[in-house]
Each structure stands twice: as structure tokens, then as C-alpha cells.
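Engineer: Counting in my numbering, the sequence shown runs from 334 upward without gaps.
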Amino acid sequence: MDKFVAISDPTRRKIIEMLSIKELTSGEIADHFQCSAPAISQHLKVLKTVDIVGMRIDAQKRVYSLRKESLKEVECWASEVSRIWNKQLDSLEQALNQPEN
């Protein structure tokens, strides 16, 4: 699985948003969702597999954090797509603003 497939799931995107604010335990993450703790663990496993999320053990807890540098590939792709769309929209706007002959 690649990063793009991993972030295609809305639950995983929400987990990424939460971890962008601060480190959280799996239980703290699960508290924000209506699905089961094992389901959240599976989502975390996917994010960990593609290196978007890191995990450390603190006493008896697993603490998850966002590996922001790992999202650079996604950020670069989104920036390029945005640039292309903006260029196309600018061209469309110019065409629509041309006086009719």
C-alpha cells in the first residue's frame, strides 16, 4: 500500500489531523471515533506501514505521532495539481472575459 491509498480513508485522514496537533495514545485516538479500538489499531497499523505515523512505547502505552516529513510526497503532488488547476482556471477566466466578435 502507498501513502495515497492510506490517506484515501476518511478515518485515517482524521487521525492524521489529530496527530498533527499532538502525540496521542491509541486509546485517546479511539475515543474520538465510533468504531472499535481494534479498528482504530488497524488504521494506525496502515499509517505506520507507509511511514506516515510513528509509534513509541511509554510504560504500558503506545504513543503515536505524525511523521510530517513523510507527507512531503503527498504535499508536493497536491501542490502540483493545484498549480495545474489554477493555470487552467486562469485560462478559462481569460477566455470568458474576452469580448465576443
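Just so it is clear, CB atoms sit at the ideal spot from N, CA and C, and this is done for glycine as well.
Can you give the Cα-Cα distance for R395 and I348, rounded to whole angstroms?
Structural biologist: Rounded to whole angstroms, R395 and I348 show a C-alpha spacing of 15 angstroms.
Engineer: Less than 9 angstroms separating the beta-carbons of I362 and Y397?
Structural biologist: yes
Engineer: In angstroms, rounded to a whole number, what distance separates the CA positions of V407 and K378?
Structural biologist: Going from the Cα of V407 to the Cα of K378 covers about 19 angstroms.
Engineer: Measure the Cβ-Cβ separation of T382 and F366 and say whether it is below 9 angstroms.
Structural biologist: No.
Engineer: Provide the residue span of the beta strand (DSSP E) that contains V414, from first to last.
Structural biologist: Segment 405 to 430 is the alpha helix (DSSP H) holding V414; no beta strand (DSSP E) there.
Engineer: Give me the Cβ distance between I385 and S403, rounded to the nearest whole Å; I'm assuming they're in contact under 8 angstroms.
Structural biologist: Indeed, because the Cβ distance is near 5 angstroms, the residues count as touching under 8 angstroms.
Engineer: How many Å lie between L380 and R400 at the Cα?
Structural biologist: 10 angstroms
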